[in-house]
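Trainee:
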Amino acid sequence: MNKYPPPVVFLPGIMGSALRDEYPVNPESVWSAIKMALNAYDRITLHPDNPRYEVQEPARVVKDQPLSLVYSEFVAELRHNLSPQPDEPVPVFPFAYDWRRPLAEVEKELAAFVDEVIERTKLLRHYAADGYGKDTPAQVNLIGHSMGGMIITGYLKNYGLGKVHKVATIATPFRGSFEAVAKTATGMAALGTSPGSSRERESARVTPSLYHLLPSFDMASGQPGALTLFNVAAWQPSILQSLASFFRLYGVKNSTENTPEQQAQMLMTSFLKTAAEYRDTLESLTLPDSKQWLSIVGIGRNTRVGMGFEKDDAGQPLFDLTEEKYCKDDWSTDPTKHSSQTGDNTVPYFGARASFIPTAQVVCVTADDFNFWELEDRALLAIGLHSDLPNMNLVQRLVTCHLKGSIPNGAEVWGRRAPDLPDTEKWDPPIAGLPEEK
Numbered sequence: 016m017n018k019y020p021p022p023v024v025f026l027p028g029i030m031g032s033a034l035r036d037e038y039p040v041n042p043e044s045v046w047s048a049i050k051m052a053l054n055a056y057d058r059i060t061l062h063p064d065n066p067r068y069e070v071q072e073p074a075r076v077v078k079d080q081p082l083s084l085v086y087s088e089f090v091a092e093l094r095h096n097l098s099p100q101p102d103e104p105v106p107v108f109p110f111a112y113d114w115r116r117p118l119a120e121v122e123k124e125l126a127a128f129v130d131e132v133i134e135r136t137k138l139l140r141h142y143a144a145d146g147y148g149k150d151t152p153a154q155v156n157l158i159g160h161s162m163g164g165m166i167i168t169g170y171l172k173n174y175g176l177g178k179v180h181k182v183a184t185i186a187t188p189f190r191g192s193f194e195a196v197a198k199t200a201t202g203m204a205a206l207g208t209s210p211g212s213s214r215e216r217e218s219a220r221v222t223p224s225l226y227h228l229l230p231s232f233d234m235a236s237g238q239p240g241a242l243t244l245f246n247v248a249a250w251q252p253s254i255l256q257s258l259a260s261f262f263r264l265y266g267v268k269n270s271t272e273n274t275p276e277q278q279a280q281m282l283m284t285s286f287l288k289t290a291a292e293y294r295d296t297l298e299s300l301t302l303p304d305s306k307q308w309l310s311i312v313g314i315g316r317n318t319r320v321g322m323g324f325e326k327d328d329a330g331q332p333l334f335d336l337t338e339e340k341y342c343k344d345d346w347s348t349d350p351t352k353h354s355s356q357t358g359d360n361t362v363p364y365f366g367a368r369a370s371f372i373p374t375a376q377v378v379c380v381t382a383d384d385f386n387f388w389e390l391e392d393r394a395l396l397a398i399g400l401h402s403d404l405p406n407m408n409l410v411q412r413l414v415t416c417h418l419k420g421s422i423p424n425g426a427e428v429w430g431r432r433a434p435d436l437p438d439t440e441k442w443d444p445p446i447a448g449l450p451e452e453k
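Reading the sequence shown from the start, the letters are residues 16 to 453 in the working numbering.
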């Protein structure tokens, strides 16, 4: 048995990587924690003719680093907690990516990055002396927050499990979030820190990755299969009208055969088709040992757990995302009143469930699991439980215990069972001996 755990690759969530424009001689930051708060969408909005590039050209916007405000503490704690000695570091590599792009494209970059991390780790003397990659194939551990966990899932499905030892995902919307609908339809959602704007809404509608987050579960049972939103005919006309306006304002291709309205229809159909295929990819993953995967889910916060589909006076689709109707938190600390109508303020519980993780193995946490001093620190962020989960000490300890394979003596660590797991059934988390908090 090797002394050191495999190196770690950490993937942030959507909007969690900074972006920079490399067209200027001195590259400019165009997306950061500060610019996100200022609604700086002009420089990152994609072009309707070719959503691989920006609507404002000339430009060359590329990934930078994960946002330090959200993720620096998480990465630093993992490096400290996993390493036995300062001179024997366990590498933890952040993997930034352009979160606007289709996730299958990001997977290719992740595959190359995993290979790079393996080769770099082989150059560490203590890993080489420990036989890393000699007797058995070299592997990495993968950790993903939010959309980062979706990319990990797709990577494992398409590239195999051979190079991965263990996985931990935090608040990952495997079956989607209604906030993706709200962001696309109105520009206002629990994604990011801003209150929403028309520019944000327009930018969202030409962001391919956002459609990957559309919900695909039955709102009552949580089971997969409700793919209504992946059909362009289900969407209210304002979205297509906005895309058509984009083509009128910015389109440069010869459109003698198609009107802006037809171009908008084709573009959104393409976005939805790609997103639906990706969701099928996630649902079809199978694991030889699901205990190698720690799925941490946030609950106990008011979360949009559903939406309504109505018709306007002209018989056109009209979304009902009213908070009073669909934002709920019916979960409570009373075991007799636990409910699945809850979430982490961004991802509903059913959206965070994955077909390949048994319900008995899900580990839930709530805002009550922050200690007093953490709450004081986190009050400065005010960005909600979903975004703040990587900063929770308990989450950091859970991930560390999972990667190490045991709970250190005296460690303060615990978890909560899934709200739809009956009390009569055994809770069976991947971390052996993990105490259950009621």
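Even glycine gets a Cβ: it sits at the ideal position worked out from N, Cα and C. These numbers were taken from a predicted model, which means no experiment stands behind them.
1) For D113, which residues in the same chain have their Cβ closer than 6 Å to its Cβ, ignoring the five residues on either side in sequence?
2) Out of H401, V196, R432 and D327, which one is the CA nearest neighbour of P373?
3) Helix or strand or just coil, what does DSSP make of R431?
4) Whole alpha helix (DSSP H) runs in the region 333-373 with 4 or more residues, listed along the chain?
5) In angstroms, rounded to a whole number, what distance separates the CA positions of S299 and G366?
6) From P22 to E43, what distance separates their C-alpha atoms?
7) Looking at H417: is its Cβ nearer than 8 Å to the Cβ of P445?
8) Return the Cβ separation of H227 and M283 in integer angstroms, given the expectation that the two are a contact with Cβ distance under 8 Å.
9) Which residues in the same chain have their Cβ closer than 8 Å to the Cβ of A394, if we skip the five residues on either side of it in sequence?
10) Which residues in the same chain have their Cβ closer than 7 Å to the Cβ of E391, if we skip the five residues on either side of it in sequence?
11) What is the rounded straight-line gap between the Cα of A144 and the Cα of W250?
12) Since H180 is in the beta strand (DSSP E), which residue starts that stretch and which ends it?
13) Whole angstroms is fine: what's the gap from S98's alpha carbon to A91's?
14) Nearest CA to the CA of P303: which residue from E131, L258, K181 and P188?
15) Pick out the complete beta strand (DSSP E) segments inside the region 293-327, 3 residues or longer, and give them in chain order.
16) Look up I158 in the DSSP assignment and say whether it is helix, strand or coil.
17) Taking its Cβ as the centre, do 16 or more other Cβ atoms sit within 10 Å of L138, making it buried, or is it exposed?
18) Out of E389, A329, D328 and T318, which has the shortest C-alpha to C-alpha gap to S354?
19) When burial is assigned at 16 or more other CB atoms within 10 Å of the CB, is V40 buried or exposed?
20) What are the start and end residues of the beta strand (DSSP E) that includes R94?
21) Express the C-alpha separation of T439 and V312 in angstroms, rounding to a whole number.
22) Which one of R190, D64 and Q280 has the shortest CA to CA distance from A248?
23) Mind the definition here: the region 177-197 touches the region 149-158 only if three or more C-beta pairs lie below 8 Å; say whether that holds.
24) Can you tell me whether R35 is helix, strand or coil according to DSSP?
25) By the three-class DSSP mapping on this structure, what secondary structure does D79 have?
26) Out of A426, F261 and G420, state which residue places its alpha-carbon closest to the alpha-carbon of P66.
27) Between which two residues does the alpha helix (DSSP H) holding F261 run?
28) To the nearest angstrom, report how far apart S32 and D328 are at their CA atoms.
29) On the CB-based measure, 16 or more other CB atoms within 10 Å of its CB, does I49 come out buried or exposed?
30) I need the straight-line Cα distance from A382 to G430, nearest angstrom please.
31) Measure the Cβ-Cβ separation of G266 and Q278 and say whether it is below 8 Å.
32) Relative to the C-alpha of P239, which candidate in G315, P437, G191 and E124 has its C-alpha closest?
33) Comparing alpha-carbon positions, which option in P109, M322 and S83 lies nearest L229?
34) Nearest-angstrom Cα distance between T208 and T151?
35) Report buried or exposed for Q331, applying the criterion of at least 16 other Cβ atoms within 10 angstroms of its Cβ.
36) When you measure from the CB of N156 to every non-hydrogen atom of the ligand GDP, does any distance come out below 7 Å?
Mentor: In short, the structure shows the following:
1) K78
2) R432
3) strand
4) 338-341
5) 16 Å
6) 31 Å
7) yes
8) At roughly 14 Å, the Cβ-Cβ gap does not stay under 8 Å, so H227 and M283 are not in contact.
9) Confidence in A394 is poor, its pLDDT being 47 and thus under 50, which makes the residue's placement unreliable; the coordinate value appears in the next sentence. Cβ neighbours of A394 beyond the five flanking positions: none.
10) Residue placement at E391 cannot be trusted, given a pLDDT of 48 that sits under 50; the coordinates are not used to answer.
11) 58 Å
12) V179 to I185
13) 11 Å
14) K181
15) 308-313 and 323-326
16) strand
17) exposed
18) T318
19) exposed
20) Premise fails: R94 lies in the alpha helix (DSSP H), S83 to L97, not in any beta strand (DSSP E).
21) 21 Å
22) Q280
23) yes
24) strand
25) strand
26) F261
27) P252 to Y265
28) 42 Å
29) exposed
30) 12 Å
31) yes
32) G191
33) M322
34) For T208, the predicted structure reports a pLDDT of 42, less than 50, and the residue's modelled location is therefore unreliable. A value from the coordinates is still provided. If I take the Cα positions, the gap works out to 44 Å.
35) exposed
36) The model on display carries no ligand, and the ligand GDP is accordingly not part of it.
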